[in-house]
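Enquirer: One structure follows; several queries about it will come next.
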Amino acid sequence: MNIILTGYRCTGKTSTGRRLSARLGRPLFDTDELILHRTGRTVEQIVTDGGWPAFRNAERAVIRNLSLLDGGIVATGGGALMDPRNIGYLQENGLFIWLVADAETIAGRLEKDQAVGNKRPSLSGKPVVEEVREILAQREPIYRSIADLTVDTACRNVEAVATVICRRLPAQSPRAQWIARRQEG
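Numbering (our numbering), first residue to last: 6 to 190.
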């Protein structure tokens, strides 16, 4: 069973994935990094050249391949699960962990990333906080509907987020055990 980390941009999917990989001895697969490796172009370059549909097509191909693996940690892009096909691929062999943060925290993290040169293309062209609020409102129902576990990252560092996840992972990973353990709190 794969561990699928999902959520909006800057909620800590890649950082948490790295920490979980080290703690659990599982390989990490970051979809944005795999797209770069496969295409030789960054997310920003793909979006500039072909728009978001071109990026989503590349993302879907990477996710389809990842769904065939077992025992990995997959850090998805923030919009990856807006495509029902990606959900279907990953649900076949994955537990979804939704990493959440409030809009202000996400916007602050995005602005900090941009200040150090880690530019993420705008999804709407609107000011950062406005865009985050708008896109979160669209995506949260989908994230919520598929989440096997939700972890708030706004007030936790990466180590604390990984600890919460590790505490809730069952010794064996059948979905029924996972859901039962999640409900225990």
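All C-beta atoms in this analysis are idealised placements derived from N, C-alpha and C, irrespective of residue type, glycine included.
Can you tell me the Cα-Cα spacing of Arg149 and Leu39, whole angstroms?
Expert: If you number the sequence shown from 1, residue 149 lands on position 144. If you number the sequence shown from 1, residue 39 lands on position 34. Spanning the two alpha carbons is a distance of roughly 25 Å.
Enquirer: Would you kindly work out how many angstroms separate the C-alpha atoms of Arg65 and Gln143, rounded to a whole number?
Expert: Counted from its first residue, the sequence shown places residue 65 at position 60. Counted from its first residue, the sequence shown places residue 143 at position 138. So the alpha carbons of these two residues sit roughly 20 Å apart.
Enquirer: Please look up how many angstroms separate the CB atoms of Gly83 and Gly12, rounded, as I've assumed it's under 8 Å.
Expert: Along the sequence shown, one-based indexing puts residue 83 at 78. Along the sequence shown, one-based indexing puts residue 12 at 7. Contact holds; Cβ gap of about 7 Å.
Enquirer: Could you pull out every residue in the same chain whose Cβ sits closer than 8 Å to the Cβ of Phe60, ignoring the five residues on either side in sequence?
Expert: Position 55 of the sequence shown, counting from 1, holds the residue named residue 60. Hits under 8 Å: Ile40, Val48, Ile51, Val52.
Enquirer: Is it a yes or a no for the region 30 to 39 touching the region 154 to 161, going by three-plus beta-carbon pairs under 8 Å?
Expert: No: fewer than three Cβ pairs fall under 8 Å.
Enquirer: Rounding to the nearest angstrom, what Cα-Cα distance links Val67 and Ile9 in this structure?
Expert: Residue mapping note: residue 67 aligns to position 62 of the sequence shown, counting from 1. Residue mapping note: residue 9 aligns to position 4 of the sequence shown, counting from 1. Spanning the two alpha carbons is a distance of roughly 14 Å.
Enquirer: Please list, in chain order, all residues of the same chain as Gln177 whose beta carbon is under 8 Å from its beta carbon, the five residues on each side excluded.
Expert: Counted from its first residue, the sequence shown places residue 177 at position 172. Note that Gln177 scores a pLDDT of 39, beneath 50, so its modelled location is shaky and nothing firm can be said.
Enquirer: For Asp75, which residues in the same chain have their Cβ closer than 8 Å to its Cβ, ignoring the five residues on either side in sequence?
Expert: Stepping through the sequence shown from its first residue, residue 75 is reached at position 70. Only Met6, Asn7, Asn98 meet the Cβ criterion.
Enquirer: Pop quiz: Arg138 and Ala108 are said to be a contact at Cβ under 8 Å. What is the actual Cβ separation, rounded to whole angstroms?
Expert: Along the sequence shown, one-based indexing puts residue 138 at 133. Along the sequence shown, one-based indexing puts residue 108 at 103. Rounded, the Cβ-Cβ distance is 5 Å, consistent with contact.
Enquirer: Put Gly82 into one of helix, strand or coil per three-state DSSP.
Expert: Here residue 82 refers to the residue found at position 77 of the sequence shown. Coil, per DSSP.
Enquirer: Closest to Ala44 by CA distance: which of Arg28, Val134, Asn62 is it?
Expert: Translated into the one-based positions of the sequence shown, residue 44 becomes position 39. A quick correction: the sequence has Thr, not Ala, at residue 44. Answer by Cα proximity: Asn62.
Enquirer: What residues are listed by DSSP as bridge partners for Trp103?
Expert: Counting from 1 along the sequence shown, the entry for residue 103 is found at position 98. In DSSP, Trp103 forms a bridge with Thr11, Thr155.
Enquirer: Between Val163 and the rest of its own chain, which residues show a CB-CB distance below 7 Å, the 5 nearest in sequence each way excluded?
Expert: Taking the sequence shown and counting its residues from 1, one reaches residue 163 at position 158. Gly17, Ser20, Thr21, Arg24.
Enquirer: My assumption, with CB atoms under 8 Å, is that Val133 sits in contact with Ala112. Please give the rounded CB distance.
Expert: On the sequence shown, position 128 is the one that residue 133 refers to. On the sequence shown, position 107 is the one that residue 112 refers to. Rounded, the Cβ-Cβ distance is 5 Å, consistent with contact.
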